[in-house]
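Numbering (my numbering), first residue to last: 651 to 1040.
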C-alpha cells in the first residue's frame, strides 16, 4: 500500500541529513521506520557518533521537516515524483544491497552501500517496470571511436529486444548507450548523482530531456542537489543492483566504472566485459578485470550479452565460425579424394585412387557423390575440379 505522507517526508529529510546508502540510517529505518528514525536523529538519540554530529549540525541550519516539505513542493512543480519501498513501482532488485559485503571496507564508500530510502523520478514509466528487464552499460568518459561503436551496437540491440538500457548519463560510453536506446525506440534510465532537475553534465542536457520523455531520470538526491564527486561512487551501487547484469565497455586502470563492476560481481550478477586493443589505455581496466576475476564474462557482441542476462534457453549464441563451403560437409573419404583432384588439368580414376590412397571401387562411388555436389566434373580426359570449386 502507498506510504503515508509522514513516511515519505521523513525519507526525504533523511536523504538530506545523511548520504544515501548510509548503513546506520538504513538499519534504524528498518528497525523503527523512517519517521521514528528522523525523530531520533534530531534528538541526537543514536549511538553512531559521526552520524549524530553530522545530522545535528545540518539540522541547526534548517528544520529537515520543513526542507522536506519545500522539496516535495518543488518536485511537484518540476513534474517529478518520489518513489518509496511501499509503492507498487518500487524496484525490488535494489533490496539485494541489504546484504552486500565488499572485500575492501576501509572506506565509507565501500561500507555505506545499503538500499536506497527513496528515489526521485522524472518520466512516465513505472520505475519497477522499467528496471525489471534492464541491463547496465557503463564505461569511460573519454571513450574511443571503438568503444562508442561497440556500445552503440550493444545498447541498440538491447533496446530492440525490449531490454531497458541503464547508465549514468555521463559523456562517452554512458551517453552512447542512452542515445542508442532512444534511437532504437526503446527505454533507457539515467541514474543521476544529483537532483533530477539539474542533470550533469550540462552538455548532455538535450539528451536528458529525451530520456525524460521516453524513459526515466532517477536519483536518490532531492531536486537541487549538486553533483559532488563522491556521489557518483555512491550512485554506482544502484546501477549494479537495479539491473539484471552490467556491461563494461572501456575503462582506465582506475575508473568509477570498475568500481561499479566490483559491486556487480559482489551481488552475483552477470558482469560482462568488452575487451579492447591491448595497446589502448582505455581498455586496461577491462583487461585487468578479466584477468583477475574469473567470474567476469568476456563479451564481444549483443548475442553474448543476451545469453548472459536472459532466461535459460531464451537466447543462445552460436559459436564463431568462418564462411561455410560445400566441401565442409564431406565425409573423410570424399574429402581425401577431392584433395587428390589436381588444381589444373585432369586425372583418371586410377590416378586419383593412387593419390588418395583409396580403393578404386571407393573412388568410383565417391566421384559420383562429388559430381552431384557440383565439386567436380567429368571430361573426356578424366576428372577435373569444377571452375567454381577451385
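Even for Gly, the Cβ is constructed at its ideal location relative to N, Cα and C. Keep in mind it's a predicted model, so treat the numbers as computed, not measured.
Worksheet item: For residue 916, which option in 760, 695, 798 and 726 has the closest C-alpha, if you only look at C-alpha atoms?
Response: Taking residue 916 as reference, the option from 760, 695, 798 and 726 with the minimal CA-CA separation is 760.
Worksheet item: For residue 890 versus residue 910, is the C-beta distance shorter than 8 Å?
Response: Yes, Cβ-Cβ distance for residue 890 and residue 910 is below 8 Å.
Practice prompt. With a threshold of 16 other CB atoms inside 10 Å of the CB of residue 857, please say whether the residue is buried or exposed.
Written response: Residue 857 comes out buried.
Worksheet item: Whose C-alpha, out of 999, 995 and 1002, is nearest the C-alpha of residue 1034?
Response: Nearest to residue 1034 by alpha-carbon distance, out of 999, 995 and 1002, is 995.
Worksheet item: What residue does the beta strand (DSSP E) around residue 784 start on, and which one ends it?
Response: Counting along the chain, the unbroken beta strand (DSSP E) around residue 784 starts and ends at 784-789.
Worksheet item: So, residue 924 versus residue 949, is the Cβ gap smaller than 8 Å?
Response: In this structure, residue 949 lies closer than 8 Å to residue 924 by Cβ.
Worksheet entry | Check whether residue 814 and residue 837 have beta carbons under 8 Å apart | The answer is yes: Cβ separation under 8 Å.
Discussion item. Using C-beta distances below 6 Å, list every residue in its chain close to residue 875, excluding the 5 sequence neighbours before and after it, in chain order.
Written reply: If we look at residue 875 and ignore the five residues flanking it on each side, its Cβ neighbours are 844 and 845.
Worksheet item: When you compare only the Cα positions, how much space is there between residue 805 and residue 877?
Response: Rounded to whole angstroms, residue 805 and residue 877 show a C-alpha spacing of 25 Å.
Worksheet entry | CA nearest to the CA of residue 956, picked from 810, 912 and 864 | Closest by alpha carbon: 810.
Worksheet item: Cβ atoms of residue 961 and residue 747: under 8 Å apart, would you say?
Response: Against a cut-off of 8 Å, the Cβ pair of residue 961 and residue 747 comes out as no contact.
Worksheet item: To the nearest angstrom, how far is it from the Cα of residue 1018 to the Cα of residue 794?
Response: For the pair residue 1018 and residue 794, the Cα-to-Cα distance works out to about 55 Å.
Discussion item. Determine whether the beta carbon atoms of residue 707 and residue 771 lie at a separation below 8 Å.
Written reply: No.
Item to complete: Answer yes or no: do residue 823 and residue 788 have a C-beta to C-beta separation smaller than 8 Å?
Response: Their beta carbons are under 8 Å apart, which means residue 823 touches residue 788 by this criterion.
Practice prompt. If I'm right that residue 638 touches residue 807 with Cβ under 8 Å, what's the distance once you round it to whole angstroms?
Written response: Lying outside 651 to 1040, the shown extent of the chain, residue 638 is not represented and no answer is given.
Worksheet item: Around the C-beta of residue 998, are 16 or more other C-beta atoms found within 10 angstroms, so that it is buried, or is it exposed?
Response: Under the 10 Å beta carbon count, residue 998 is surrounded by fewer than 16 other beta carbons and is classified as exposed.
Discussion item. Please report the distance separating the alpha-carbon of residue 932 from that of residue 736.
Written reply: Roughly 42 Å between the two C-alpha positions.
Worksheet item: Using a Cβ-Cβ cut-off of 7 Å (strictly less than) and excluding sequence neighbours within five positions of residue 650, which residues of its own chain qualify?
Response: Within the shown structure, residues of the chain are numbered from 651 to 1040, placing residue 650 beyond reach of any answer.
Worksheet item: Which term fits residue 671, buried or exposed, when burial requires 16 or more other beta carbons within 10 angstroms of its beta carbon?
Response: With a threshold of 16 other beta carbon atoms within 10 Å, residue 671 meets it and is buried.
Worksheet item: Start and end of the beta strand (DSSP E) containing residue 940?
Response: Annotation for residue 940: no beta strand (DSSP E) segment contains it, though the alpha helix (DSSP H) segment containing it runs 934-942.
Discussion item. Between the alpha carbons of residue 935 and residue 914, how many angstroms are there, rounded?
Written reply: Distance between the alpha carbons of residue 935 and residue 914: 15 Å.
Worksheet item: Which one of 855, 742, 705 and 698 has the shortest CA to CA distance from residue 688?
Response: From the listed residues 855, 742, 705 and 698, the smallest Cα separation to residue 688 is found for 705.
Worksheet item: Leaving out five residues before and five after residue 946 in sequence, what residues of the same chain have Cβ atoms less than 6 Å from its Cβ?
Response: Closer than 6 Å at Cβ, skipping near neighbours: 921, 923, 939 and 940.
Practice prompt. Tell me whether residue 869 sits in a helix, a strand or coil according to DSSP, three-state version.
Written response: In the three-state scheme derived from DSSP, where H, G and I count as helix and E and B as strand, residue 869 is classed as strand.
Practice prompt. Using 10 angstroms around the beta-carbon of residue 694, count the other beta-carbons present and answer buried if the total reaches 16, otherwise exposed.
Written response: Residue 694 comes out exposed.
Discussion item. For residue 769, report the span of its beta strand (DSSP E) as first-last.
Written reply: Taken as a continuous stretch (DSSP letters only), the beta strand (DSSP E) holding residue 769 covers 769-772.
Item to complete: With a threshold of 16 other CB atoms inside 10 Å of the CB of residue 713, please say whether the residue is buried or exposed.
Response: With fewer than 16 Cβ atoms within 10 Å of its Cβ, residue 713 is classed as exposed.
Fill in: Endpoints, alpha helix (DSSP H) assigned at residue 631
The question about residue 631 has no answer, for the chain in this structure spans 651 to 1040.
Worksheet item: Where does the unbroken beta strand (DSSP E) through residue 900 begin, and where does it stop?
Response: For residue 900, there is no enclosing beta strand (DSSP E), as DSSP marks it with neither H nor E.
Worksheet item: CB residue 763 to CB residue 718, shorter than 8 Å?
Response: Their beta carbons are not under 8 Å apart, which means residue 763 does not touch residue 718 by this criterion.
Worksheet item: Are residue 871 and residue 721 close, meaning C-beta to C-beta below 8 Å?
Response: The answer is no: Cβ separation not under 8 Å.
Item to complete: Note down the Cα distance separating residue 820 from residue 861, rounded to an integer number of angstroms.
Response: Straight across, the Cα-Cα distance linking residue 820 with residue 861 is about 13 Å.
Worksheet item: With DSSP run on the structure shown, which of helix, strand or coil describes residue 1034?
Response: DSSP, read as helix, strand or coil, puts residue 1034 in strand.
Worksheet entry | Cβ-based burial, residue 700 [other Cβ within 10 Å; buried from 16] | That one is exposed.
Worksheet entry | Secondary structure of residue 1023, DSSP reduced to three states | If DSSP states are grouped into helix, strand and coil, residue 1023 belongs with coil.
Practice prompt. For residue 1007, count neighbouring Cβ atoms within 10 angstroms of its own Cβ and tell me buried if that reaches 16, exposed if not.
Written response: A residue is called buried once 16 or more other Cβ atoms fall within 10 Å of its Cβ, and residue 1007, having fewer, is exposed.
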